[in-house]
Amino acid sequence: MLQQIVKKDFQRNKIITIVLFIFMMLSALLAACASQVIMELSGSLSHLLDKSKAPHFVQMHAGPIDNAGIQKFASTNPLVKNQQTVEMLRIDGSQIVLGNSNKSEENSVMDIGFVKQNPSFDLLLNLENQVIRVAEGEIAVPIYYMKQNDLNIGDQVTLSNGQLDQKFMVTDFVRDIQMNPAIVSSKRFVVNDTDYNVLKKNHGEVEYLIEFQITDLSRLSEFRNTYQSSDMPGKGPMIDYPLFKTLNALTDGIIAVVIILVSILLMIIAVLCLRFTMIATLEEDYREIGVMKAIGISQRDIRRIYLAKYMVMAACASLLGYLLSLGVVRLFTANITLYLGTAPKTILQPIVPVLAVGLIFGMIVFFCRVILRRFNRITVVDALRSGTVGELKGNKSRMVLSKRRHINVNVFLGLKDVYGRFTMFGLLFFVFVICLFIILVPVNILNTLQSPRFISYMGVGQSDMRIDLQPSDQIEKRFNELITTLNKDSDIAKFSPLITSRFKVLGSDGVWENINVETGDFSIFPLTYVNGGTPESGDEIALSDLNAKEWNKRVGDSVLLEVDGTSKKLTVSGIYQDITNGGRTAKARLPYDPKSVLWYIVALDVNPNVSVQEKMDQYAKLFYPAKVTHLESYLSQTLGNTIRQLKLVTGLSIAISISISVLITALFLKMLLAKDVSQIAILRSIGFTLEDIRKQYQVRLLLVSGLGIILGTFAANTIGQKFTQLLGSFMGASKIQFVVNPVIAYLVLPLFFMLIVALTTVVSTISMKKSNLSKLIVE
Numbered sequence: 001m002l003q004q005i006v007k008k009d010f011q012r013n014k015i016i017t018i019v020l021f022i023f024m025m026l027s028a029l030l031a032a033c034a035s036q037v038i039m040e041l042s043g044s045l046s047h048l049l050d051k052s053k054a055p056h057f058v059q060m061h062a063g064p065i066d067n068a069g070i071q072k073f074a075s076t077n078p079l080v081k082n083q084q085t086v087e088m089l090r091i092d093g094s095q096i097v098l099g100n101s102n103k104s105e106e107n108s109v110m111d112i113g114f115v116k117q118n119p120s121f122d123l124l125l126n127l128e129n130q131v132i133r134v135a136e137g138e139i140a141v142p143i144y145y146m147k148q149n150d151l152n153i154g155d156q157v158t159l160s161n162g163q164l165d166q167k168f169m170v171t172d173f174v175r176d177i178q179m180n181p182a183i184v185s186s187k188r189f190v191v192n193d194t195d196y197n198v199l200k201k202n203h204g205e206v207e208y209l210i211e212f213q214i215t216d217l218s219r220l221s222e223f224r225n226t227y228q229s230s231d232m233p234g235k236g237p238m239i240d241y242p243l244f245k246t247l248n249a250l251t252d253g254i255i256a257v258v259i260i261l262v263s264i265l266l267m268i269i270a271v272l273c274l275r276f277t278m279i280a281t282l283e284e285d286y287r288e289i290g291v292m293k294a295i296g297i298s299q300r301d302i303r304r305i306y307l308a309k310y311m312v313m314a315a316c317a318s319l320l321g322y323l324l325s326l327g328v329v330r331l332f333t334a335n336i337t338l339y340l341g342t343a344p345k346t347i348l349q350p351i352v353p354v355l356a357v358g359l360i361f362g363m364i365v366f367f368c369r370v371i372l373r374r375f376n377r378i379t380v381v382d383a384l385r386s387g388t389v390g391e392l393k394g395n396k397s398r399m400v401l402s403k404r405r406h407i408n409v410n411v412f413l414g415l416k417d418v419y420g421r422f423t424m425f426g427l428l429f430f431v432f433v434i435c436l437f438i439i440l441v442p443v444n445i446l447n448t449l450q451s452p453r454f455i456s457y458m459g460v461g462q463s464d465m466r467i468d469l470q471p472s473d474q475i476e477k478r479f480n481e482l483i484t485t486l487n488k489d490s491d492i493a494k495f496s497p498l499i500t501s502r503f504k505v506l507g508s509d510g511v512w513e514n515i516n517v518e519t520g521d522f523s524i525f526p527l528t529y530v531n532g533g534t535p536e537s538g539d540e541i542a543l544s545d546l547n548a549k550e551w552n553k554r555v556g557d558s559v560l561l562e563v564d565g566t567s568k569k570l571t572v573s574g575i576y577q578d579i580t581n582g583g584r585t586a587k588a589r590l591p592y593d594p595k596s597v598l599w600y601i602v603a604l605d606v607n608p609n610v611s612v613q614e615k616m617d618q619y620a621k622l623f624y625p626a627k628v629t630h631l632e633s634y635l636s637q638t639l640g641n642t643i644r645q646l647k648l649v650t651g652l653s654i655a656i657s658i659s660i661s662v663l664i665t666a667l668f669l670k671m672l673l674a675k676d677v678s679q680i681a682i683l684r685s686i687g688f689t690l691e692d693i694r695k696q697y698q699v700r701l702l703l704v705s706g707l708g709i710i711l712g713t714f715a716a717n718t719i720g721q722k723f724t725q726l727l728g729s730f731m732g733a734s735k736i737q738f739v740v741n742p743v744i745a746y747l748v749l750p751l752f753f754m755l756i757v758a759l760t761t762v763v764s765t766i767s768m769k770k771s772n773l774s775k776l777i778v779e
């Protein structure tokens with residue numbers, strides 16, 4: 001009997017059932033996808049860390065080193081488990097041609113290094129996560145360049161310094177636990193030991209990676225402080241194990257969180273639709289419920305009849321969503337598989353997505369039970385006498401047509417109905433709000449990442465280009481020559497020399513540690529500060545967001561630095577956002593010691609009508625091997641992978657939201673027309689045409705969608721921005737401000753959304769033609 005009742009109910013409301021089924025299925029699909037992405041990311045990253053035998057602490061260093069001193073430090077420190085010093089031959093991109101391209105990598109923002117395979121740990125792996133072994137004349141290329149330059153096995157890599165040409169054949173692609181992500185601006189190519197020795201004699205300069213594995217990872221900060229407080233080499237960035245994990249998980253982790261957000265919002269939409277549908281069904285069946293109660297069917301059995309339908313629907317939708325996710329998830333895990341590889345499957349990997357889908361099913365059933373509690377308020381007498389629940393009653397305040405003679409009658413009746421039944425139309429309103437939110441947040445995040453202004457979150461001001469002088473014996477002399485040339489160049493509008501040096505700072509635990517401080521005039525190309533502003537005197541310092549949090553510093557607090565051998569108290573003038581160098585940097589106007597300089601940078605703007613590209617080419621030749629970068633190109637190269645992944649999610653979000661809008665509008669109108677059948681008959685009997693009635697419904701839907709667009713846009717720019725800032729806080733940018741394209745966000749997308757709603761309304765109201773007027777009046 002129960003099966004027959006459920007079957008007949010499905011047949012009676014096919015469209016409503018299908019729409020609800022789709023919402024539930026999409027919510028389950030995305031929940032399963034997000035959980036699978038998280039499990040795949042976690043498993044693959046852990047597997048790669050294990051297979052590569054990742055170092056726990058790495059100090060990059062440009063300049064001579066004392067191997068004996070490093071060995072002594074390692075042997076006397078009880079925390080050190082393994083230590084190795086790795087040579088990396090840095091070769092300028094202008095000397096390298098990849099694949100069949102006719103262009104060198106001189107415009108690449110990446111620092112290219114050639115290395116041998118490491119002997120004990122920090123192993124460089126191939127696409128099967130096996131240790132790379134290359135023969136003479138062969139080369140293994142980073143995955144970044146495989147994607148960026150569309151390289152294949154068998155392609156050539158050519159090195160030429162004007163005197164010696166060397167060709168290598170690509171035989172593998174490199175998974176590098178340190179330098180895999182595009183946001184890391186250094187990349188390692190692997191060559192044979194013999195080839196490396198030849199390259200070392202003819203190309204580039206050697207840098208060093210001083211690497212450690214320690215016995216207890218929980219004491220990593222203790223080891224870092226010990227290293228930094230010693231006289232160990234330190235002319236370069238310092239990176240550690242937690243940073244490796246963060247950078248490798250960043251892109252796909254953000255995508256997973258966005259998918260989870262969309263899934264939760266879809267779940268909310270499904271519950272709202274379910275509530276409306278169930279209440280409408282109860283109202284339609286109110287008299288029948290009274291009859292069932294009158295003949296002795298228990299309240300529990302009646303509730304089971306209604307609950308059974310939605311439990312069957314939720315179970316089938318959840319199952320289908322899970323099955324579809326097994327194929328769809330590959331769109332989101334392809335990037336993980338490429339960059340991190342595939343880990344051996346664990347018991348949890350298939351279980352967690354099932355649990356996520358089960359959670360969706362459980363929440364739907366729970367809300368069904370909550371909604372069906374209203375059976376407790378239904379009495380036999382009221383049901384048989386009134387035949388209506390009265391749930392969807394609206395505002396009792398009256399809007400009188402005679403007092404508003406200047407408004408079109410159809411427009412007035414449409415507005416009056418929305419006002420009078422706001423509780424019912426509120427469902428559609430909130431669905432439209434959520435749909436706009438799902439569309440605009442990914443669009444705004446994508447637009448922000450693609451904007452030139454995003455460079456301010458990377459610890460540098462916005463300028464046309466910048467020149468990085470590579471570490472060398474003559475670096476200070478070349479820096480002074482560059483400043484002289486820029487002063488004489490009439491094409492340069494303004495420029496700002498910036499020098500990054502290593503200083504000692506007193507940490508929050510009372511231990512002196514190293515910090516990279518950039519010195520110069522920061523008012524020329526100002527940063528965007530979270531709090532405070534630019535350091536204007538030698539007694540002030542600006543801290544990156546992560547440094548400020550780690551040391552618990554605010555604007556106005558003091559920091560103790562060691563300057564010229566003496567302690568100097570500096571006041572924190574501002575806190576800025578920086579996602580580079582692990583997010584731990586500082587800026588001040590301090591005198592610098594040339595011996596402690598890590599690198600020199602000059603940011604500059606050219607005059608109007610001067611070609612930035614031509615000026616870049618000019619300075620690249622004049623100050624070779626300096627790295628000359630167009631800042632827009634820098635963003636596209638470092639964030640390109642993240643942007644490509646986000647485009648996929650954005651397109652999916654727009655498609656899902658538009659589909660939801662069409663389905664929910666059609667569902668709502670079908671139920672509304674069924675509910676208003678007597679009202680429509682009365683309107684037609686007093687002279688309103690079908691076209692008039694359609695216009696009234698169009699006014700209702702356009703008004704609700706318009707209000708939904710306004711609130712949805714507001715929510716995207718407030719709640720959505722807070723959500724983005726939460727994601728950004730993990731990498732040092734906790735106050736990201738959306739860069740909104742007003743034409744797209746405030747005009748094109750809202751108008752397109754309203755057009756979809758309007759077209760759906762027109763199509764859905766065509767069914768009124770089939771209604772027989774005399775039959776409606778009799779009813």
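If you're matching positions, the sequence shown starts at 1 in full-length UniProt numbering and goes up one per residue.
The C-beta atom is built at its ideal place from N, Cα and C for all residues, glycine as well.
| Check | Outcome |
| --- | --- |
| Among Leu486, Lys504 and Phe503, which has the Cα closest to the Cα of serine 496? | Leu486 |
| Tell me which same chain residues have a C-beta within less than 8 Å of the C-beta of proline 181, skipping the five on either side of it? | Leu247, Asn248, Leu250, Thr251, Tyr339 and Asn641 |
| So, are the CB atoms of residue 781 and isoleucine 736 less than 9 Å apart? | The shown model of the chain, from 1 to 779, leaves out residue 781, and the question about it has no answer. |
| Evaluate serine 185 with the Cβ neighbour count: other Cβ atoms within 10 Å of its Cβ, from every protein chain shown; 16 or more gives buried, anything less gives exposed. | buried |
| Which of the three DSSP states is assigned to phenylalanine 114 in this structure? | strand |
| Assign valine 174 to one of three DSSP states: helix, strand, or coil. | strand |
| For a quick check, are the C-beta atoms of glutamine 83 and glutamine 71 less than 9 Å apart? | yes |
| Using the rule of at least 16 other Cβ atoms within 10 Å of the residue's Cβ for burial, across every protein chain shown, is asparagine 547 buried or exposed? | buried |
| Can you tell me which residues form a DSSP beta bridge with alanine 674? | Note: alanine 674 sits in no beta bridge, so no partner. |
| Using C-beta distances below 7 Å, list every residue in its chain close to leucine 30, excluding the 5 sequence neighbours before and after it, in chain order. | Ile259, Val262, Ser263 and Leu266 |
| Between valine 763 and tyrosine 697, what straight-line distance do the alpha-carbon atoms span, to the nearest angstrom? | 12 Å |
| Could you check whether serine 325 and cysteine 33 sit closer than 9 Å to each other, using their CB atoms as the reference points? | yes |
| Going by the C-beta, is leucine 543 closer than 8 Å to any heavy atom of the ligand NAD? | You won't find the ligand NAD in this model; it holds no ligand whatsoever. |
| Which residue wins for smallest C-alpha separation from phenylalanine 525, given the options Glu536, Asp165, Lys494 and Trp512? | Lys494 |
| Give me whichever residues DSSP pairs with phenylalanine 212 in a beta bridge. | Phe57 and Gln83 |
| Identify the continuous beta strand (DSSP E) that holds alanine 588 and give its terminal residues. | 586 to 588 |
| Looking at C-beta atoms only, is the number of pairs between the segment 427 to 443 and the segment 705 to 713 that lie closer than 8 Å three or more? | yes |
| List the residues that DSSP assigns as beta-bridge partners of glycine 253. | Its beta-bridge partners do not exist; DSSP assigns none. |
| Measure the alpha-carbon distance for residue 824 versus valine 699 and round it to whole angstroms. | Any answer about residue 824 is impossible in this case: the structure gives the chain only from 1 up to 779. |
| Which of the three DSSP states is assigned to isoleucine 153 in this structure? | coil |
| Hey, out of Lys569, Ile515, Val357 and Tyr529, whose CA is closest to serine 537's CA? | Lys569 |
| Can you look up threonine 337 in the DSSP assignment and give me helix, strand or coil? | helix |
| Extract the residue ranges of the alpha helix (DSSP H) inside the UniProt domain "ABC3 transporter permease C-terminal" (653 to 772), only unbroken runs of 4 or more that lie entirely within it. | 677 to 685, 690 to 729 and 749 to 765 |
| When the distance is taken between beta carbons, is valine 572 closer than 9 Å to glutamate 614? | no |
| Hey, out of Leu440, Arg554 and Phe623, whose CA is closest to arginine 478's CA? | Phe623 |
| I'd like to confirm the pairing. Which residues does DSSP put opposite phenylalanine 495 in its beta bridges? | Leu604 |
| Please identify the residue among Leu48, Ile660, Lys53 and Phe114 whose C-alpha is closest to the C-alpha of glutamate 128. | Leu48 |
| In this structure, does DSSP put glycine 390 in helix, strand or coil? | Since pLDDT at glycine 390 reaches only 48, below the 50 mark, its modelled position is unreliable, and the value read off the structure follows with that caveat. In this structure, glycine 390 counts as coil in the three-state DSSP scheme. |
| Assuming contact is defined by CB atoms lying nearer than 9 Å, are threonine 500 and threonine 519 in contact in what I supplied? | yes |
| In angstroms, rounded to a whole number, what distance separates the CA positions of histidine 630 and serine 451? | 14 Å |
| Pairs of beta-carbons, one from the segment 661 to 672 and one from the segment 15 to 27, closer than 8 Å: are there three or more? | yes |
| Where are the alpha helix (DSSP H) runs, 4 residues long or more, that stay fully inside the segment 275 to 355, in chain order? | 286 to 294 and 299 to 340 |
| Taking DSSP's pairing of strands, which residues face residue 780 in a bridge? | Here the chain has residues from 1 to 779 only, and residue 780 is not among them. |
| May I have a chain-ordered list of the beta strand (DSSP E) segments no shorter than 3 residues that lie completely inside the segment 507 to 571? | 512 to 520, 529 to 532, 540 to 544 and 558 to 563 |
| Rounded to whole angstroms, what's the CA-CA distance from asparagine 408 to phenylalanine 688? Just pull it up for me. | 13 Å |
| For the alpha helix (DSSP H) holding valine 433, just list the boundary residues, first then last. | 422 to 450 |
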